[in-house]
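In the numbering used here, the protein residues as written are -11 to 219.
Presented below is the structure to which this report refers.
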């Protein structure tokens, strides 16, 4: 029998999203808090194969931070810095926990990277929960406002397999939705993109934390706006 063609599971839909704060040129004001995510950089669309699917675009240089359970201290949550790198034949997904800066997790898929962290976080808490996770969602790539901003990047409309979605800023928002607000001004200077892992970068960050008297489980202010850390 001939193989049945795979069903085209992704269709174009329309979504209402909150109004995005923008500068005079119309570009989104970064860093930008979108729900629990802080978007530091949207990156650049890569036209090569494997840098997008029907559902997601994986821009090189995309960087966000978010909080999640620590993998070494069962009593704390910490900030995770998530970056999409250019792996040559496809994207690499890098996650740097703020309490283990010298041990980045890097995998060929977002799910592979986050599954490792979820598994460790559950293990030290003796949780029997499933370790399955949607890596793209944990990277913020499934969040409608972030998807909208990625679609605005140059060349996004030229991607062969990606199924375009329609987003309406400021439309009626039914039910729960992620707040979209700029990070506080005092965070701007510190929230620079980290990029690929280099030991010198993290040594500098650790020295800064020690100088500030921050504990190992404390989130650096540059990673997460202080007005959200208590949520």
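Note that CB positions come from ideal geometry on N, CA and C, so glycine has one too.
Under the three-state reduction of DSSP output, residue 69 falls in the strand class.
The bridge partners DSSP lists for residue 55 are 67. Residue 55 holds the alpha-carbon nearest to the alpha-carbon of residue 85 among 51, 55 and 129.
For residue 137, the uninterrupted alpha helix (DSSP H) segment begins and ends at 132 to 139.
Residue environment for residue 42: exposed (fewer than 16 other C-beta atoms within 10 angstroms of its C-beta).
For residue 63, the number of other beta carbons within 10 angstroms of its own is below 16, and it is reported as exposed.
The beta-bridge partner set that DSSP reports for residue 157 consists of 5.
Classified as buried, residue 128 has 16 or more neighbouring CB atoms from the shown chains inside 10 Å of its CB. Burial is judged here by how many other beta carbons sit within 10 angstroms of a residue's own beta carbon; residue 123 has at least 16 and is buried.
Here the alpha carbon of residue 12 sits roughly 30 Å from the alpha carbon of residue 150. Residue state for residue 108 is assigned as helix, using DSSP reduced to three classes.
Using a C-beta cut-off of 8 Å, the stretch 74 to 84 makes contact with the stretch 24 to 44, since at least three inter-stretch Cβ pairs fall below that distance. In this structure, the CA atom of residue 50 is about 11 Å from the CA atom of residue 141. As a beta-bridge residue in DSSP terms, residue 10 pairs with 16. Judged by DSSP in its simplified three-state form, residue 127 adopts coil rather than helix or strand.
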